[in-house]
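In full-length UniProt numbering, the protein residues as written are 1 to 430. Idealized CB from N, CA, C, for every residue including glycine. Computed from a predicted structure; not experimentally measured.
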């Protein structure tokens with residue numbers, strides 16, 4: 001019968017084995033036990049075993065090996081090796097050295113790479129700067145000091161330059177400081193400023209401007225003036241006292257809470273006539289005594305009418321924006337005023353109201369802030385910056401209203417212009 005090649009090879013291997021097979025197995029077992037010893041060196045052990053096996057085998061056999069060691073390694077490649085050796089005669093030692101890297105060092109390298117990417121990026125956005133709000137400290141002597149917030153000067157100067165470069169907010173042309181009659185004497189101008197402040201509460205500047213124009217021209221009937229004479233304003237203390245409340249209410253009917261304001265304006269005119277010779281008080285205490293006049297109106301009136309900066313006029317825009325910037329955490333405008341007066345230089349008390357009111361009317365809106373149009377965008381200074389922007393369409397409606405008197409008949413001319421502007425805003429990964 002024909003014998004396969006594998007069977008022939010197996011028979012030849014068994015015939016060539018040493019008769020002292022037990023010694024060979026004993027030697028392999030010793031090898032395995034010795035591999036657990038401390039400081040075991042497989043090269044030295046394999047050499048000693050080779051010499052011992054040669055002595056025991058005699059002159060007829062060159063070396064003694066177990067059948068598992070004689071078989072090819074390909075037949076045992078699928079099985080799990082143990083003890084890290086392929087045969088009792090050879091040993092392979094693989095040494096791998098891994099350098100330990102600190103996690104902090106890895107994080108620092110990642111930050112350096114990110115910073116390099118940001119510096120090389122075309123957008124050029126600055127990293128966010130630390131924002132520390134205003135804080136109050138007390139010295140050992142009991143003196144209380146309010147420290148300004150971080151980076152406030154850079155933010156203030158940036159907004160000031162932006163506002164002066166583009167003075168298009170309603171407060172720039174229709175603010176309470178701009179609504180006096182130009183040809184009126186100084187005492188009447190001061191009264192005009194006080195009246196416009198009383199009308200401006202809970203009212204847009206555009207509506208206040210229209211109401212003031214009607215008070216200047218329609219409070220009492222006027223006879224036609226020659227062309228060479230300057231028309232005078234009808235808004236005086238005496239005319240308000242003599243005016244019928246219903247007529248006064250009809251002139252200011254578009255402003256908020258016009259019924260209460262009609263009553264307050266009449267009461268204030270009477271007090272000014274009796275106590276201040278038809279002029280307005282020149283102190284904060286005297287202004288606050290007037291009906292319908294609060295601290296905000298009093299400080300703004302003192303600054304605009306008398307040129308005395310005795311406090312900061314804080315309205316909803318100043319209160320909201322300074323809290324968005326992280327300058328302080330306040331709940332009321334009066335609390336905001338106290339904090340601002342504690343650290344803001346006095347020479348900026350007057351202008352901060354106009355700057356932030358205009359910013360709140362045009363860019364930093366109460367709803368839908370346009371951070372992409374602000375000069376603080378990308379500087380890392382504004383705490384409340386919105387960094388994701390998309391191109392949007394916005395309709396801009398321009399309306400011009402003029403009131404003309406032609407042959408004793410009031411004619412209202414209205415011009416309306418609609419335009420569409422596409423705002424292109426940068427997409428930034430925030």
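For residue 144, the secondary structure class from DSSP, reduced to helix, strand or coil, is strand. Per DSSP, the continuous beta strand (DSSP E) segment holding residue 136 begins and ends at 135 to 138.
Under the 10 Å beta carbon count, residue 241 is surrounded by fewer than 16 other beta carbons and is classified as exposed. Going by DSSP, residue 258 is part of the alpha helix (DSSP H) stretching over 258 to 275.
Out of 321, 341, 261 and 205, the CA that lies nearest to the CA of residue 136 is found in 341.
In this structure, residue 255 lies away from residue 304, with their beta-carbon atoms at least 8 Å apart. Between the segment 167 to 175 and the segment 355 to 365, the count of Cβ pairs shorter than 8 Å is three or higher; the stretches touch.
A buried status is given to residue 159, since no fewer than 16 other beta-carbon atoms sit within 10 Å of its beta-carbon. Around the beta carbon of residue 183, fewer than 16 other beta carbons sit within 10 angstroms, so the residue counts as exposed.
Counting every other CB atom within 10 Å of its CB across the protein chains shown gives residue 233 a total of 16 or more, marking it as buried. Annotation for residue 15: the continuous alpha helix (DSSP H) segment containing it runs 5 to 15.
Residue 299 is a Cβ neighbour of residue 284, given a cutoff of 8 Å. Per DSSP, reduced to three states, the secondary structure at residue 318 is helical.
For residue 291, there is no enclosing alpha helix (DSSP H), as DSSP marks it with neither H nor E. With contacts defined by Cβ atoms closer than 8 Å, residue 297 and residue 197 form a contacting pair. Close CB contacts of residue 174 within its chain, under the 8 Å cut and outside five residues either way in sequence, are with 205, 206, 208 and 209 (chain order).
Around the beta carbon of residue 336, 16 or more other beta carbons lie within 10 angstroms, which makes this residue buried.
Secondary structure remark: continuous beta strand (DSSP E) runs of at least 3 residues inside the segment 160 to 199: none found. In this structure, residue 292 places its C-beta atom within 8 Å of the C-beta atom of residue 261. In the assembly as shown, residue 248 is a buried residue. Its beta-carbon has 16 or more other beta-carbons within 10 Å. Residue 386 and residue 224 have their C-alpha atoms roughly 56 Å apart. The straight-line gap separating the alpha-carbon atoms of residue 144 and residue 154 is approximately 25 Å.
Judged by DSSP in its simplified three-state form, residue 386 adopts coil rather than helix or strand.
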